[in-house]
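Chemist:
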Amino acid sequence: MAPWGVPGDRHKGRFMPLTIQRSDDDRVVTITISGRFDFDLHQEFRQAFEHAEDEEASYVIDLAQAEYMDSSALGMLLLLRERAGGDRADISIVNCSPAINKILTISNFHKLFKVA
Amino acid sequence: MADGNTPQPNPDTPSGVGATRVLIADDDHVNRLILKAILAKEGYAVEVAEDGREAVARFTEWQPDLVLMDVMMPVLDGYEATREIKALAGDAFVPVIFLTALSDEAALARCVAVGGDDFLTKPYSRVILKAKIDALERVRRLHVTLRQQRDELAGHQRRLLQEHQVAEKVLAKIVHSGSLDASQIKYLLSPMAIFNGDMLLAARKPSGGLHVMLGDFTGHGLSAAIGTVPVADIFYGMTDKGFSIGDILATINDKLRVILPTDVFFAAVLLELDANHSKLTIWNGGIPDVAIRRVDGRVEALPSDHLPLGVIENEQLDRAVRVVEVEAGDRIVAFSDGFIEAHNPEGEMFGLERLVATLASEADPDSMFDGLLRTLGDFVGEGALGDDLSLVEITCDPAWALARSSEAPRAFRPRAPMRWSISIELVPDTLRSVDPLPLVMHLLMDLQGLQEHREQLYAVLMELFSNALDHGLLGLDSALKQTPEGFVRYYELRKQRLAELDHGRVRISLDHEPDGRGGSLRFTVVDDGPGFDHSRVFAPLEENVSFFGRGIPLLKSICEHLEYTGDGNQVEAVYRWGDNEAGADSATHD
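Going line by line, the protein sequences match chains C and X.
The opening position of the first sequence corresponds to residue 1 in my numbering, with each subsequent residue numbered one higher.
The opening position of the second sequence corresponds to residue 117 in my numbering, with each subsequent residue numbered one higher.
#1: Apart from the five residues on each side of it in sequence, which residues of its chain come closer than 7 Å, Cβ to Cβ, to X/Leu258?
#2: State the DSSP-derived secondary structure class of X/Ser339, mapped to helix, strand or coil.
#3: Does the beta-carbon distance from X/Met185 to X/Ala141 come in below 8 Å?
#4: Please identify, using Cβ separations under 8 Å, the residues of the segment 63 to 82 of chain C that lie next to chain X, in order along the chain.
#5: Kindly give me the distance between the Cβ atoms of C/Phe109 and C/Leu63, rounded to whole angstroms, as I take these residues to be in contact under 8 Å.
#6: So which residues on chain X does C/Lys111 lean against when the C-beta distance must stay under 7 Å?
#7: Between the segment 368 to 399 of chain X and chain C, which residues of the former have CB atoms less than 9 Å from a CB of the latter, in chain order?
#8: If you measure from the beta carbon of X/Ser452 to each beta carbon in chain C, is any gap under 8 Å?
#9: Is the distance from the Cβ of X/Val449 to the Cβ of X/Glu509 below 8 Å?
#10: Are the Cβ atoms of C/Gln43 and C/Thr30 separated by less than 8 Å?
#11: Return the chain-ordered list of same chain residues with a C-beta closer than 6 Å to the C-beta of X/Asn660, the five sequence neighbours on each side being excluded.
#12: Using beta carbons (cut-off 8 Å, strictly below), is X/Gly343 in contact with chain C?
#13: Does the beta carbon of C/Ile100 sit closer than 8 Å to a beta carbon anywhere in chain X?
#14: Name the residues in the segment 23 to 35 of chain C whose C-beta lies less than 7 Å from a C-beta of chain X; which are they?
#15: Please determine, among X/Pro514, X/Arg199, X/Arg548, the residue with the shortest C-alpha to C-alpha distance to X/Asp363.
#16: Is the Cβ-Cβ distance between X/Ala444 and X/Cys512 less than 8 Å?
#17: Rounded to whole angstroms, what's the CA-CA distance from X/Arg692 to X/Ala532? Just pull it up for me.
#18: Please state if the CB of X/Pro514 and the CB of X/His393 are separated by a distance shorter than 8 Å.
#19: Touch check for the segment 297 to 306 of chain X and the segment 395 to 405 of chain X: three-plus C-beta pairs under 8 Å?
#20: Which word fits X/Pro630, buried or exposed, when buried means at least 16 other C-beta atoms lie within 10 angstroms of its C-beta?
#21: Using a Cβ cut-off of 9 Å, which residues of the segment 425 to 455 of chain X contact any Cβ in chain C, in chain order?
#22: Contact criterion: CB-CB distance below 8 Å. Does C/Ile91 meet it with respect to chain X?
#23: Quick one: grab the DSSP three-state call for X/Gln179.
#24: Enumerate in chain order the residues of its own chain whose CB-to-CB distance from X/Pro346 is below 6 Å, with the five nearest sequence positions on each side excluded.
#25: Rank X/Thr216, X/Asn147, X/Leu555, X/Leu566 by C-alpha distance to the C-alpha of X/Gly635 and give the top, closest one.
#26: Check X/Ile150 in the structure and name its three-state DSSP category.
#27: Going by DSSP in three states, X/Ser549 sits in which element: helix, strand or coil?
#28: Quick check: the Cα distance between C/Asn101 and C/Met69, rounded to an integer number of angstroms?
#29: Can you tell me the Cα-Cα spacing of X/Arg535 and X/His628, whole angstroms?
#30: Taking 8 Å as the threshold (beta carbon to beta carbon), is C/Ser107 in contact with chain X?
#31: Along the alpha helix (DSSP H) that carries C/Asp26, what are the first and last residues, could you check?
#32: Quick one, which of X/Leu489, X/His422, X/His587, X/Arg409 has its alpha-carbon nearest C/Ile123's?
#33: Kindly list the residues whose CB is nearer than 6 Å to the CB of C/Lys114, restricted to its own chain and excluding five residues on each side of it in sequence; keep chain order.
#34: Note down, in chain order, each residue of its chain lying with its Cβ closer than 6 Å to the Cβ of C/Cys96, except the 5 sequence neighbours on either side.
#35: Are X/Leu507 and X/Phe455 touching if we call contact CB-CB under 8 Å?
#36: So X/Gly645 packs on X/Gly588, CB below 8 Å; how close in whole Å?
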């Protein structure tokens with residue numbers, strides 16, 4: 001056992017905090033988040049959309065496995081929205097727990113994203 | 117040089133140059149000679165000691181890089197000498213190689229236990245001795261490098277901490293220079309709040325009203341704190357000039373859109389209490405609900421209606437405010453999300469419902485603030501309360517607003533009285549998009565330097581203009597404001613009628629003349645609405661302070677002259693200032 005840890009060690013306990021799936025026609029990108037949706041995911045989240053070739057794609061953020069979301073996560077969503085076309089972006093945030101729903105409600109993010 | 121191997125000059129020696137220094141401690145004269153010869157040939161600098169005590173002494177004065185230590189020596193043996201030398205070396209790594217003929221494992225283990233790093237047995241082999249010394253030298257150099265890096269890091273950290281402390285002081289001065297110390301405001305703000313991007317500001321309006329802003333930047337540290345500077349500047353500057361929260365939040369949003377990156381934003385709630393403390397205006401973008409605890413014990417929670425500031429462009433910004441009637445004794449409570457998200461050891465969050473219940477359950481409103489903190493502390497239990505808890509409680513108290521500001525008047529002297537006049541005419545489009553009061557006040561201050569009279573002048577201007585607009589052009593009846601439902605209805609109607617207004621104008625004229633002691637300023641406000649029967653309205657309302665805002669009685673106490681003419685759609689008020697300020701003398705109001 002390597003004494004100084006293995007790559008990805010900081011996500012000890014959660015195997016894949018963020019996964020990306022593309023629909024068959026590549027029009028819908030689903031990003032599934034598990035565990036804490038906070039600043040630690042910044043790098044991976046950016047990569048999810050930074051290399052998106054199709055700026056017309058719509059996005060689905062699945063938070064079924066997410067247990068916590070903070071304001072840096074809200075910031076990441078804004079980055080995604082900017083990249084995905086700003087006002088024309090089509091982004092849905094689905095399977096929100098009551099706690100996460102509360103955060104989205106207080107911030108009135110349903111004015112910018114479809115929230116379910 | 118026997119075999120051409122010269123050790124490099126050792127920069128770590130006290131002198132900075134010279135060969136690696138080796139101290140030989142051995143009571144046997146022949147051993148000393150042999151070892152000294154071997155080492156000298158290899159280019160090391162060598163000193164000797166005959167016993168343990170001498171070894172320690174030579175170590176102290178000569179500071180060798182490495183020690184060859186015999187075990188059996190008189191006075192002080194090798195084990196004890198090694199202990200002392202290792203202690204004296206302290207932070208530095210000075211390897212000790214034991215010279216021993218012993219082969220029993222216990223003795224060898226003891227060598228290591230007292231701090232020895234290796235041992236050499238007889239007969240002494242030049243090759244093996246050199247190999248061991250080289251190996252230990254590598255370790256020693258590594259050790260030196262690590263220590264240097266550690267010291268550098270520690271230095272950086274110290275400097276960073278100092279800079280932080282200075283930055284914190286500067287930010288605190290810039291951001292906290294407002295009215296938070298007013299007697300009717302209780303607040304909790306962590307000392308490190310500024311580095312969390314948390315801010316709590318309060319300032320008086322020239323009319324006597326109050327602005328409070330509780331805000332929270334995303335992120336932590338200096339990048340979050342930086343945004344507080346322009347925001348504080350805008351808040352204090354515009355409040356001082358009499359701007360309303362709608363204008364202030366639009367200016368802040370605009371500024372933050374420009375300077376902040378896309379993923380950084382500013383959740384904020386702005387509260388405006390009018391001078392009477394009868395009307396509360398709220399704009400909340402991203403902060404938890406604002407709670408109002410009424411005099412009768414009921415608690416209302418008003419949620420956030422808007423996106424945080426700095427997220428969308430000003431064209432899309434929704435400036436719609438909530439208007440709520442309040443009365444003396446009502447308590448307004450606002451808090452950051454750190455409050456709601458504080459959790460107990462089981463991971464349960466404090467939550468809004470619990471907070472509202474706590475506010476409602478406190479029988480004595482004066483204890484409500486402390487009671488809430490106590491309840492939160494009990495709930496969190498052993499967990500520490502986070503440093504992102506911001507809490508403010510404002511007590512509605514008209515007496516506070518009417519009292520003259522205790523701040524010393526600023527060092528402005530009125531300019532020499534001059535003759536001048538200005539007139540501004542406002543049509544529906546302008547009335548919808550511009551608040552003329554701060555602009556006119558700005559002119560007044562610049563033209564004649566009447567800062568000392570700012571509050572009274574603003575009160576007069578606001579009274580006259582509001583009447584002309586609300587009553588004259590929009591046809592609103594202030595009697596509607598007498599009931600809570602009517603109060604809300606009044607402002608809904610106002611908003612609606614202003615949006616639909618398609619004709620009519622308000623003209624504000626100011627004429628100023630020197631009068632020998634100071635000056636005389638005549639306000640004339642004309643609107644071309646249908647007017648009202650001022651004789652019917654005038655007399656019976658002299659006792660009713662709350663009819664037109666603070667009303668006609670207040671204007672009469674401030675102004676030397678007040679007269680409604682025409683169909684009641686024209687009003688003239690005269691304000692005198694100077695060494696003998698007759699008009700402003702009567703500080704008592706009806």
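Think of the CB as a built atom: it goes at the ideal place given N, C-alpha and C, for glycine as much as any other residue.
Modeler: In brief:
#1: In the second sequence, the residue the question calls residue 258 of chain X occupies position 142. Same-chain partners within the cutoff: there are none.
#2: The residue you call residue 339 of chain X lines up with position 223 of the second sequence. It is helical.
#3: Counting from one through the second sequence, the residue named residue 185 of chain X turns up at place 69. Counting from one through the second sequence, the residue named residue 141 of chain X turns up at place 25. Yes, Cβ-Cβ distance for X/Met185 and X/Ala141 is below 8 Å.
#4: Ser71, Ser72, Leu74, Gly75, Met76, Leu78, Leu79, Glu82
#5: Locating residue 109 of chain C in the first sequence gives position 109, counting from the first residue. Locating residue 63 of chain C in the first sequence gives position 63, counting from the first residue. The pair is not a contact, with the Cβ atoms about 12 Å apart (cut-off 8 Å).
#6: Translated into the one-based positions of the first sequence, residue 111 of chain C becomes position 111. Within chain X, the residues near C/Lys111 are Leu423.
#7: Pro377, Thr378, Asp379, Val380, Phe381, Ala383
#8: Position 336 of the second sequence, counted from the first residue, corresponds to residue 452 of chain X. No, its Cβ sits nowhere closer than 8 Å to a Cβ of chain C.
#9: For the purposes of this step, residue 449 of chain X is taken as residue 333 along the second sequence, with counting starting at 1. For the purposes of this step, residue 509 of chain X is taken as residue 393 along the second sequence, with counting starting at 1. Result yes, Cβ atoms of X/Val449 and X/Glu509 sit closer than 8 Å.
#10: Here residue 43 of chain C refers to the residue found at position 43 when the first sequence is read from its first residue. Here residue 30 of chain C refers to the residue found at position 30 when the first sequence is read from its first residue. For C/Gln43 and C/Thr30, no; Cβs fall outside 8 Å.
#11: Residue mapping note: residue 660 of chain X aligns to position 544 of the second sequence, counting from 1. Low per-residue confidence applies at X/Asn660: pLDDT is 43, beneath 50, and the placement is therefore not dependable enough to give any value.
#12: Position 227 of the second sequence, counting from 1, holds the residue named residue 343 of chain X. It does not; no Cβ of chain C falls within 8 Å.
#13: In the first sequence, counting from the first residue as 1, residue 100 of chain C sits at position 100. It does not; no Cβ of chain X falls within 8 Å.
#14: none
#15: Along the second sequence, one-based indexing puts residue 363 of chain X at 247. If we check each option's Cα against that of X/Asp363, X/Arg548 comes out closest.
#16: Residue 444 of chain X sits at position 328 when you count from the first residue of the second sequence. Residue 512 of chain X sits at position 396 when you count from the first residue of the second sequence. Yes, they are a contact pair.
#17: Walking along the second sequence from the start, residue 692 of chain X turns up at place 576. Walking along the second sequence from the start, residue 532 of chain X turns up at place 416. Taking the straight line joining both Cα atoms gives about 14 Å.
#18: Against the second sequence, residue 393 of chain X aligns to sequence position 277. Against the second sequence, residue 514 of chain X aligns to sequence position 398. Yes, they are a contact pair.
#19: no
#20: Within the second sequence, residue 630 of chain X is the residue found at index 514, counting from 1. Exposed: under 16 other Cβ atoms inside 10 Å.
#21: Val427, Ile428, Gln432, Asp434, Asp453
#22: Taking the first residue of the first sequence as position 1, residue 91 of chain C is located at position 91. It does not; no Cβ of chain X falls within 8 Å.
#23: Working through the second sequence from its first residue, we reach residue 179 of chain X at position 63. In this structure, X/Gln179 counts as coil in the three-state DSSP scheme.
#24: The residue labelled residue 346 of chain X in the question sits at position 230 within the second sequence. Excluding sequence neighbours, X/Pro346 sits near Lys371.
#25: Mapped onto the second sequence, residue 635 of chain X falls at position 519. Considering only alpha carbons, the answer is X/Leu566.
#26: Reading the second sequence from its first residue, position 34 is the one you call residue 150 of chain X. Correct three-state label for X/Ile150: helix.
#27: Against the second sequence, residue 549 of chain X aligns to sequence position 433. It is helical.
#28: Sequence index remark: in the first sequence, residue 101 of chain C carries index 101 (1-based). Sequence index remark: in the first sequence, residue 69 of chain C carries index 69 (1-based). Distance between the alpha carbons of C/Asn101 and C/Met69: 10 Å.
#29: By 1-based counting over the second sequence, the position of residue 535 of chain X is 419. By 1-based counting over the second sequence, the position of residue 628 of chain X is 512. Roughly 5 Å between the two C-alpha positions.
#30: Residue 107 of chain C sits at position 107 when you count from the first residue of the first sequence. Yes - at least one Cβ of chain X is within 8 Å of the one on C/Ser107.
#31: As a first step, residue 26 of chain C is located in the first sequence; it is residue number 26 there, counting from the start. C/Asp26 -> no alpha helix (DSSP H), and no H or E assigned at all.
#32: For residue 123 of chain C there is no data in the structure shown, the boundaries of chain C being 1 and 116.
#33: Locating residue 114 of chain C in the first sequence gives position 114, counting from the first residue. The residues are Ser92.
#34: As a working mapping, residue 96 of chain C is identified with position 96 in the first sequence. Hits under 6 Å: Leu63.
#35: Residue 507 of chain X sits at position 391 when you count from the first residue of the second sequence. Residue 455 of chain X sits at position 339 when you count from the first residue of the second sequence. For X/Leu507 and X/Phe455, yes; Cβs fall inside 8 Å.
#36: Locating residue 645 of chain X in the second sequence gives position 529, where the first residue counts as 1. Locating residue 588 of chain X in the second sequence gives position 472, where the first residue counts as 1. Confirmed, about 4 Å.
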